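Numbering (the UniProt record's numbering), first residue to last: 1 to 650.
Rendered as structure tokens:
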């Protein structure tokens, strides 16, 4: 929309069409679809019949499709409200930064009352006992239903009844909360394809209807998952120039100039000498770690590290020792032990010691205590690998991750790993470090030899979104096939803007991308939303994990039965809210949780909606077990700015 006036005019016309069609449907005895609009296209000016303005059976008063408070004539929004919420209030902004000299600490974890733990254990015990009883009698009296667990015609059963017990007896009961099919853009809102199960979630049947809900389940931290805007325009231009696939591995004809430009930009963004891009985030860890360590090496890993790290360490053949999550005393004790004892049996010195931590832990919302880790690194001389999958782009005043957040020179790290699936609205991952290290990984990492190269549209999305966060310094663009970060390193010091020489010469650049204003607004909106939701939930009485600035906000549910009820109640709320619930084995047995993923695309009103729903559902499910100071819901909403700006909460 070019102006706010045209936006309001379009809304009025859409409402008129909806009322006219609703009257027609009712006159013929039909029932209009009550689910919110489905937007297959983000452009509200297009003539497509699939856009929100041309959907004649939508409710425009739900606050999802259009804001409840229409914009004034002075406010011009170039985004679609369903994808990136309209918010012009500068009070709803905050900068993510750790205060120099202050010790880092997460909000202290709280234990629930004993009756909560007792009932949680009892619930698991009942599921196990009753499940085994049903299996015992079912195999003898209902053989056809249990044929997949029994040997047939001389063949062993494909599925062991013991191995699949958890899946059959617990997960199946919650399957309607997982793997929900969606359509459209996973932005501020998301559209669910409605379904039901006639056989207790063994099979799902599509209803043919759609429900638009508030999306607090996607990793869209900075809101770049948009089908309209500067990034989308750049991707469209890239598809017209490169097509949709590289059609080969990086070492076998799949390397484009876009790969080299993206790698130079990534290295510039994170402040390292060079970087290597992989087409899959999980594969970045699982295929690169075996190229870093091998037999005779030691990997020290945080106990809550991601599965991709664990898998990569197993493939490497290196020894592994774990330490208690974010416990620096336990880490130092372990370092002293392994250095003094050396390798098992022989006690020879380790070939190398590699410490692997996550910058922001995806299930806990906590950050690695990097200031202390850096002191230990100077003292004990180990290599440091930081996984920034969830922190890069989301933390720090410049969005450069945990190094930016803590004010640490990234060159003090040995390896920085990250993904593009969260903050950048793309796919894949990267490894960054010294040029010598990255050159070796290009050859010895399995992803370069065997994995499909990252597709051109994804590369352009990475370049455009990253440049939007950095801003672009003036200067001639370059279309050279070989561009290295070192060639432009002296033009502007980290964490400066992206030199135009790195970017493709044909890529369209919007004014907000060039001056970095769009990226700065996204960063500050994300931090405000994260702090508001995190602190608001605590003030309401919920037990949450993690630090205030984390866009991942885990809320403890404890009882497995409450997971399903919480998810279903949020999904059927007056304003549907789509959430992710997580349980064992992804978390410890008794700490089942809902994991809210906050985005810069959310407005303050959206967070109010989530808090309102959580407040009522929390009372119904007895989830408010925190021992801290509590505020009523109205006070939390009214004092949001004050709550966000408060010093660290105790």
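Ideal Cβ positions, reconstructed from N, Cα and C, are used throughout, including at glycine. Computed from a prediction, not measured in an experiment: that's the story for all the values here.
Query raised in the report: Considering residue 165, what are the terminal residues of the alpha helix (DSSP H) in which it resides?
Result: Counting along the chain, the alpha helix (DSSP H) containing residue 165 begins and ends at 165 to 169.
**Report entry** Whole-angstrom distance between residue 180 and residue 535, CA atom to CA atom
**Finding:** Distance between the alpha carbons of residue 535 and residue 180: 29 Å.
Query raised in the report: Excluding sequence positions up to five away, which residues of its chain have a Cβ less than 7 Å from the Cβ of residue 646?
Result: Excluding residues up to 5 positions away in sequence, nothing lies with its Cβ nearer than 7 Å to the Cβ of residue 646 in the same chain.
**Report entry** residue 129 burial status per 10 Å Cβ neighbour count (16 or more: buried)
**Finding:** So residue 129 ends up on the exposed side.
Report task. Evaluate residue 240 with the Cβ neighbour count: other Cβ atoms within 10 Å of its Cβ, from every protein chain shown; 16 or more gives buried, anything less gives exposed. Result -> Its Cβ having fewer than 16 others within 10 Å, residue 240 is exposed.
Query raised in the report: Measuring CA to CA, which of 464, 94, 545 and 556 is closest to residue 513?
Result: Answer by Cα proximity: 464.
Query raised in the report: To the nearest angstrom, how far is it from the Cα of residue 113 to the Cα of residue 453?
Result: The alpha-carbon atoms of residue 113 and residue 453 are separated by roughly 51 Å.
Requested in this report: Return the CA-CA distance between residue 302 and residue 523, expressed in angstroms with no decimal places.
Outcome: Rounded to whole angstroms, residue 302 to residue 523 spans 28 Å at the Cα level.
Report task. Would you kindly report the start and end of the unbroken alpha helix (DSSP H) that includes residue 358? Result -> In this chain, residue 358 is not harboured by any alpha helix (DSSP H); it is covered by the beta strand (DSSP E) spanning 353 to 358.
Report task. Taking all protein chains shown into account, decide if residue 103 is buried (16 or more other Cβ within 10 angstroms of its Cβ) or exposed. Result -> Residue 103 counts as exposed, since fewer than 16 other beta carbons sit within 10 angstroms of its beta carbon.
Query raised in the report: In whole angstroms, what separates the C-alpha of residue 142 from that of residue 215?
Result: In a straight line, the C-alpha of residue 142 is about 42 Å away from that of residue 215.
Query raised in the report: Secondary structure at residue 278, three-state DSSP: helix, strand or coil?
Result: Three-state result, residue 278: strand.
Query raised in the report: What separation, rounded to the nearest whole angstrom, lies between the Cα atoms of residue 544 and residue 398?
Result: Cα-Cα distance, rounded: 27 Å.
Query - Span of the beta strand (DSSP E), counted from its first residue to its last, around residue 418 - result: Unbroken beta strand (DSSP E) run through residue 418: 415 to 419.
Requested in this report: Answer with buried or exposed for residue 203, where buried requires no fewer than 16 other C-beta atoms within 10 angstroms of its C-beta.
Outcome: It counts as exposed.
Query raised in the report: What residue from 541, 594, 570 and 580 has the CA that sits closest to residue 627's CA?
Result: Measuring C-alpha to C-alpha distances from residue 627 to each of 541, 594, 570 and 580 identifies 541 as the nearest.
Query raised in the report: Taking just the CA atoms, how far does residue 235 sit from residue 56?
Result: For residue 56, the predicted model reports a pLDDT of 40, less than 50, meaning its position is unreliable; a value from the coordinates is still stated below. So the alpha carbons of these two residues sit roughly 30 Å apart.
Query raised in the report: For residue 372, which of 457, 431, 450 and 332 has the nearest alpha-carbon?
Result: Residue 372 has its Cα closest to that of 332, out of 457, 431, 450 and 332.
Query raised in the report: Excluding five sequence neighbours on each side, which residues of the same chain lie with their C-beta closer than 7 Å to the C-beta of residue 67?
Result: 81 and 86, listed in sequence order.
Query raised in the report: Under 8 Å, do residue 691 and residue 510 count as touching if we go by C-beta distance?
Result: With the chain running from 1 to 650 in the structure shown, residue 691 is simply not present.
Query raised in the report: Quick one: what's got a C-beta closer than 7 Å to residue 293's C-beta in the same chain, skipping five residues either side?
Result: Excluding residues within five positions, the ones whose Cβ falls inside 7 Å are 299, 316, 318, 352 and 354.
Query raised in the report: Given a threshold of 16 other Cβ atoms within 10 Å of its Cβ, counted over all protein chains shown, does residue 719 qualify as buried or as exposed?
Result: Given that the chain is displayed from residue 1 to residue 650, the structure contains no residue 719 and the question cannot be resolved.
Requested in this report: Note down the Cα distance separating residue 110 from residue 462, rounded to an integer number of angstroms.
Outcome: Straight-line spacing of the CA atoms in residue 110 and residue 462 works out to 39 Å.
Query - Inter-residue Cα distance where the pair is residue 347 and residue 338 - result: Rounded to whole angstroms, residue 347 to residue 338 spans 10 Å at the Cα level.
**Report entry** Extent of the continuous alpha helix (DSSP H) run through residue 307
**Finding:** Here the alpha helix (DSSP H) through residue 307 covers 307 to 316.
Query - Same chain only: Cβ atoms within 6 Å of residue 569, ignoring 5 sequence neighbours per side - result: Counting only Cβ-Cβ distances below 6 Å, and skipping sequence neighbours, we find 617.
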